[in-house]
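Residue numbering for the sequence shown follows numbering that gives the first Met the number 0, starting at 0 and increasing by one per position.
By construction, the Cβ of each residue, glycine as well, lies at the ideal position given by its N, Cα and C atoms.
The structure under discussion appears below in the form of structure tokens.
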Amino acid sequence: MLEDDISLEALTPKEAPAAEAAGAVDGEGAPPGGPGAQAAAMRVNEKYSTLPAEDRSVHIINICAIEDIGYLPSEGTLLNSLSVDPDAECKYGLYFRDGKRKVDYVLVYHHKRASGGRTLARRAQHGDAGPAARSARQDQPLPGKAGPLGAGEPEPPLDYHEDDKRFRREEYEGNLVEAGLELERDEDTKIHGVGFVKIHAPWNVLCREAEFLKLKMPTKKLYHISETRGLLKKINSVLQKITDPIQPKVAEHRPQTTKRLSYPFSREKQHLFDLSDKDSFFDSKTRSTIVYEILKRTTCTKAKYSMGQGEGRKKDSALLNKRRKCDRYGITSLLANGVYSAAYPLHDGDYEGDNVEFNDRKLLYEEWACYGVFYKYQPIDLVRKYFGEKIGLYFAWLGVYTQMLIPASVVGIIVFLYGWATVDDNIPSMEMCDQRHNITMCPLCDRTCSYWKMSSACATARASHLFDNPATVFFSIFMALWAATFMEHWKRKQMRLNYRWDLTGFEEEEEAVKDHPRAEYEARVLEKSLRKESKNKEKRRHLPEEPTNKWRQRVKTAMAGVKLTDKVKLTWRDRFPAYFTNLVSIIFMIAVTFAIVLGVIIYRISTAAALAMNSSPSVRSNIRVTVTATAVIINLVVIILLDEVYGCIARWLTKIEVPKTEKSFEERLIFKAFLLKFVNSYTPIFYVAFFKGRFVGRPGDYVYIFRSFRMEECAPGGCLMELCIQLSIIMLGKQLIQNNLFEIGIPKMKKFIRYLRLKHQSPSDHDEHAKKKQRYEVDYTLEPFAGLTPEYMEMIIQFGFVTLFVASFPLAPLFALLNNIIEIRLDAKKFVTELRRPVAVRAKDIGIWYNILRGVGKLAVIINAFVISFTSDFIPRLVYLYMYSENGTMHGFVNHTLSSFNVSDFQNGTAPNDPLDLGYEVQICRYKDYREPPWSEHKYDISKDFWAVLAARLAFVIVFQNLVMFMSDFVDWVIPDIPKDISQQIHKEKVLMVELFMREEQGKQQLLDTWMEKDRKKAEPCNNHSPAPAAPPPPPPPDGPDFPGGSL
């Protein structure tokens, strides 16, 4: 075969086609990736044939890679054909046109359709290429090469970029064929200028790759899952009957008593697996995963116009860069460079319609992705079967999180109702609302604001009690323990899913995937290696070169260039500019967030001063509510806009770092995006909780921003009510607008834009679109899958709203629960109906998101301790009750928290313009602080009461934090990570697997012993009938252990 291949290169142009055709016939039945074919392909790829199309007798169908690859693929391997109407045989694109081979993956590319005699090849059914059609196709020149034109037909200009892309597509598809995949091309589509390459993985390729990927597949061995006994069994049966109406009608969701033993697939041990139906042994998810792995590692090494052909000899740097990026892991770099526009597996079929064949996608739509089944459990096993383990784990986590929000919501409602029931018994709010106390408060702003009565803040004080009551402390402790319990419950649920999905022992494969370099990293390494090589050449050019060592030097240079990229790595010096850019950019973005919050603060101060000048009493009485509501809405709009901007910036910053692996890229992206969005979402809330009203100074000596704007103060009832308003509006607004409205509205808007584009097309194209499209054409119009990071991110931010400031808003878990019930079905509908089917990715956990959740849970304990201690009046009330109250009640608490100020001590220009606004002259006004009175020796100095309250607050923070942390760790220690029954089942599987292999070895040994026994029995008659020797036999030996049986 080797001699034949070598002689093929030396044939004349007229002899080569016949030899190629003969080689194709001789190689019929051999696998396309056989050693001989691969060797021929590698050799001929080094020389690109320039045979004119009209001199070839082979059947050319828009593929010049036939001569490039070096052999003619069989008709069932690569089909470039022309127009066939959709029919039931190929199930509208789910199968090849023979109706037998399933489409496992699709590559999409853009091409330019020429007119007249230069039209490209189209689809055709098998056997439709007659002699006339064949000769017509032979007369068509390939794009980018010279060929005969029609009379008077002008030659269109050559597009070197498009020709280079086509050239690389042909090389890449030829390499896919060598890898064993089968391809079919379709350019006669209903989408103008778009071509599709359908990929099918035959059985031998699936087996080879499944063994390489160590895919665990179910064996023939069945075993019973140990069930609970006694009281637990009765409880489980009762719960199953109660929850049966809310269970999805899916076979995979039913409780199973038996399970098949799983084992990594091996071609040597195929007898262990049930291969009676080879078509369904590997499901569509597994088949697409296998094909994607082949696409990732198949290389594309040559670019046409970097090799000096014709006018392409000119050095186009863009094409050269594309060639370099295409050096390894082809499909990712080819997609990035625009050689292919998309690559995706197909959905199983339509999900709605009268005559739709039943499939998993339709079942998911009916039992999972409809809003009408919001009350049902999710069919997680079917989600995993269709979308893969990674997406299945996301929805499982979201389901567990939503279930755990139910008890938190119930307790939050109870705490809220307790505050509502006890608001009339709250003595401090009753004192604030009592008109008889006649407490006159100092102005809230300079000049334009006048004195005001404390009783005017009665509504705010009563509303504050709904969230600032003793039950709030209990709820904060409860939520800290809830977060720890949720994390432990998820770990146990995750282990159950790992057992059910055969993901135990997945660590080795994860390590292998972790070290898989990204295409961008390889391109950067190659660029560095080429730059290093060029520097070495420059150095050698200036050095004297010995003639005797010239050949040796050439060999060394060539060998060094082969493995140059293996030795070169990106060091911290290479990444230092990117790291510095990251640091500066993140600091700048955080500074922008702080600046916006400062701008909103100035807006609040200036708006309050402007409203205070209004002549309407109703406007002046609602200044706080108006300013707070409008400022929060401004914050909400800014947060939503900056979230989108920060997401794009985080991706860009991660790209310029050039992480080595996909896992590293994802983790760095998540960290940056979470940091920026965390600061963006919570900075306004942190300001209200911990900074507002802390650094305002006192009457006569206020603190000013830019020497013009006086820092704003908290209401007499504290800042907790304003914190509650801020938290509720931002949380609900983000959930309603960003999470739900955007996810529903944007896909609908994109669909509407596509409809308008269709309407403006020509009538013929419109009629063409009216026909039923192929499955791959329909899926191409769907949105590409962008990863799970946005889905996780919105839930983690929501988890922060639920846990971080829950002391100020006990109803946060309830609103999160209501949002998540919609969010699950919204995400499900998006995955089933709006997105292309993503490539299934195996994963055994939710990755870095778990660590972020734990970090948020720990931070929530600290923040809630400070909210209770410093933002609410819980600690000052306790101090007053046990240290200053005369009768052991809260009577007099409001007066105790207010200090006095003599209005004659106002600075010049800060006193109210209308001091008689209340109808009488004010001598002493009150303000909220612990300071000495004006008649004291140290007037307006901080009093001893302030230090007593501060000491109590700090003590509470320390005690609360350590107590709750200890209780959380205790919960973590008490609840085991792996359920006992799962650990027993895993151990049972190992024992059964050992027994299975022991029986197999015993069977082999028995079979071998049987064969040896048969061979021995066959040999005995031959020994008995052997010819007697000529000489007389020697005397018989004596009987004994060394001579048993005597003589013959």
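Item to check | Coarse secondary structure for Asp185, derived from DSSP in three states | outcome: Counted from its first residue, the sequence shown places residue 185 at position 186. Strand at Asp185.
Item to check | Thr870 burial status per 10 Å Cβ neighbour count (16 or more: buried) | outcome: As a working mapping, residue 870 is identified with position 871 in the sequence shown. Buried, by the Cβ-count rule.
Checklist entry - Straight-line CA distance for Val801 to Ala815? => result Within the sequence shown, the letter at position 802 stands for residue 801. Within the sequence shown, the letter at position 816 stands for residue 815. The alpha-carbon atoms of Val801 and Ala815 are separated by roughly 7 Å.
Next on the checklist: In whole angstroms, give me the CA-to-CA distance for Arg266 and Ala209.
Outcome noted: Against the sequence shown, residue 266 aligns to sequence position 267. Against the sequence shown, residue 209 aligns to sequence position 210. Cα to Cα, the separation comes out at about 9 Å.
Checklist entry - So Ser584 is in the alpha helix (DSSP H); what residue range does that whole segment cover? => result Position 585 of the sequence shown, counting from 1, holds the residue named residue 584. Run containing Ser584: 571 to 611, per the alpha helix (DSSP H) assignment.
Checklist entry - Between Phe280, Cys713, Glu822, which lies nearest to Met216 when the distance is taken from Cα to Cα? => result Within the sequence shown, numbered from 1, the residue matching residue 216 stands at position 217. The residue with the shortest Cα to Cα distance from Met216 is Phe280.
Checklist entry - Given 8 Å as the limit, is there contact between the segment 463 to 471 and the segment 381 to 388, that is, 3 or more CB pairs closer than that? => result no
Checklist entry - Buried or exposed: which applies to His1075, given that a residue is buried once 16 or more other Cβ atoms fall within 10 Å of its Cβ? => result Any property of residue 1075 remains undetermined from this structure, which presents the chain solely from 0 to 1047.
Checklist entry - Per DSSP, what kind of secondary structure is Leu263 in: helix, strand or coil? => result By 1-based counting over the sequence shown, the position of residue 263 is 264. At residue 263 the sequence reads Pro, which differs from the Leu that was named. If DSSP states are grouped into helix, strand and coil, Pro263 belongs with the strands.
Item to check | Anticipated Cβ contact below 8 Å, Pro658 with Tyr791, distance rounded | outcome: Reading the sequence shown from its first residue, position 659 is the one you call residue 658. Reading the sequence shown from its first residue, position 792 is the one you call residue 791. That pair is no contact at about 19 Å.
Checklist entry - Is the beta carbon of Cys718 less than 7 Å from the beta carbon of Lys691? => result Residue 718 sits at position 719 when you count from the first residue of the sequence shown. Residue 691 sits at position 692 when you count from the first residue of the sequence shown. Their beta carbons are under 7 Å apart, which means Cys718 touches Lys691 by this criterion.
Checklist entry - If we count Cβ pairs, one from each stretch, closer than 8 Å, do we get three or more for the segment 180 to 200 versus the segment 87 to 107? => result yes
Checklist entry - Since Leu635 and Ile729 are thought to touch, with beta carbons under 8 Å apart, how far apart are those beta carbons, to the nearest angstrom? => result Locating residue 635 in the sequence shown gives position 636, counting from the first residue. Locating residue 729 in the sequence shown gives position 730, counting from the first residue. With a Cβ gap of about 5 Å, Leu635 and Ile729 count as contacting.
Next on the checklist: I need the DSSP call for Pro812, collapsed to helix, strand or coil.
Outcome noted: Within the sequence shown, numbered from 1, the residue matching residue 812 stands at position 813. In the structure shown, Pro812 sits in a helix (DSSP, three-state: H, G or I).
Item to check | Touching by the beta-carbon criterion (3+ pairs, under 8 Å), the segment 468 to 482 and the segment 413 to 431 | outcome: yes
Checklist entry - Rounded to whole angstroms, how far is the Cβ of Leu834 from the Cβ of Leu787, which I believe are closer than 8 Å? => result Walking along the sequence shown from the start, residue 834 turns up at place 835. Walking along the sequence shown from the start, residue 787 turns up at place 788. Not really, about 12 Å apart at Cβ, beyond 8 Å.
Checklist entry - Exposed or buried, Arg435, counting other C-beta atoms within 10 Å across all chains shown (16 or more means buried)? => result In the sequence shown, the residue the question calls residue 435 occupies position 436. By the 10 Å Cβ count, Arg435 comes out exposed.
Checklist entry - Using a Cβ-Cβ cut-off of 7 Å (strictly less than) and excluding sequence neighbours within five positions of Glu430, which residues of its own chain qualify? => result In the sequence shown, residue 430 corresponds to position 431, counting from 1. Around Glu430: His436, Val893.
Checklist entry - Can you give the beta carbon distance from Leu392 to Ile845, rounded, assuming they're within the 8 Å contact cut? => result Counted from its first residue, the sequence shown places residue 392 at position 393. Counted from its first residue, the sequence shown places residue 845 at position 846. Going by Cβ atoms, the distance from Leu392 to Ile845 rounds to 6 Å, so yes, they are a contact pair.
Checklist entry - Where does Asn901 sit, in a helix, a strand or coil, going by DSSP? => result Reading the sequence shown from its first residue, position 902 is the one you call residue 901. Strand, per DSSP.
Item to check | One or two residues paired with Met440 in a DSSP bridge | outcome: Reading the sequence shown from its first residue, position 441 is the one you call residue 440. For Met440, which the question treats as bridged, DSSP gives the partners Trp451, Arg925.
Item to check | Residue from Leu640, Ser967, Gln922 with nearest C-alpha to Ile736 | outcome: The residue labelled residue 736 in the question sits at position 737 within the sequence shown. Residue Leu640 is the option with its Cα nearest to Ile736.
Item to check | Contact the segment 183 to 194 vs the segment 227 to 247: 3+ CB pairs below 8 Å | outcome: no
Item to check | Limits of the unbroken beta strand (DSSP E) element including Leu106 | outcome: Position 107 of the sequence shown, counted from the first residue, corresponds to residue 106. That run of the beta strand (DSSP E) goes 104 to 109.
Item to check | CA nearest to the CA of Cys448, picked from Arg952, Tyr645, Asn912, Val921 | outcome: Counting from 1 along the sequence shown, the entry for residue 448 is found at position 449. When each option's Cα is compared against that of Cys448, the closest is Asn912.
Checklist entry - Given a threshold of 16 other Cβ atoms within 10 Å of its Cβ, counted over all protein chains shown, does Trp972 qualify as buried or as exposed? => result To locate residue 972, count along the sequence shown from 1; it is residue 973. When all chains shown are included, Trp972 counts as exposed.
Item to check | Stretch pair the segment 826 to 843 + the segment 920 to 927: three plus CB contacts closer than 8 Å | outcome: no
Item to check | Sequence-distant residues of the same chain with beta carbon closer than 8 Å to Arg697, five excluded per side | outcome: The residue labelled residue 697 in the question sits at position 698 within the sequence shown. So the qualifying residues of the chain are Ser898, Phe900, Tyr926, Asp928, Arg930, Tyr939.
Next on the checklist: Between Pro809, Leu852, Glu742, Leu825, which has its C-alpha nearest Ile796's C-alpha?
Outcome noted: The residue labelled residue 796 in the question sits at position 797 within the sequence shown. Nearest option by C-alpha distance: Leu852.
Checklist entry - Buried or exposed: Ser261, going by 16 or more other Cβ atoms within 10 Å of its Cβ? => result Your numbering for residue 261 matches position 262 in the sequence shown. So Ser261 ends up on the buried side.
Checklist entry - With 16 as the cutoff for other CB atoms within 10 Å, does Met997 come out buried or exposed? => result To locate residue 997, count along the sequence shown from 1; it is residue 998. It is exposed - the Cβ of Met997 has fewer than 16 other Cβ atoms within 10 Å.
Item to check | Exposure label - Ile638; buried when at least 16 CB within 10 Å | outcome: Indexing the sequence shown from 1 puts residue 638 at position 639. Classification for Ile638: buried.
Next on the checklist: Excluding the 5 residues flanking Tyr374 on each side, which residues of the same chain have their C-beta closer than 8 Å to its C-beta?
Outcome noted: Stepping through the sequence shown from its first residue, residue 374 is reached at position 375. Ile245.
Next on the checklist: At the level of alpha carbons, what is the spacing between Val583 and Cys647?
Outcome noted: For the purposes of this step, residue 583 is identified with residue 584 of the sequence shown, where counting begins at 1. For the purposes of this step, residue 647 is identified with residue 648 of the sequence shown, where counting begins at 1. Approximately 16 Å, taken between the alpha carbons.
Checklist entry - Helix, strand or coil: which one does DSSP assign to Ala462? => result Taking the first residue of the sequence shown as position 1, residue 462 is located at position 463. Ala462: helix per DSSP, three-state reduction.
Next on the checklist: Which of the three DSSP states is assigned to His346 in this structure?
Outcome noted: One-based indexing of the sequence shown puts residue 346 at position 347. Three-state DSSP puts His346 in coil, outside helix and strand.
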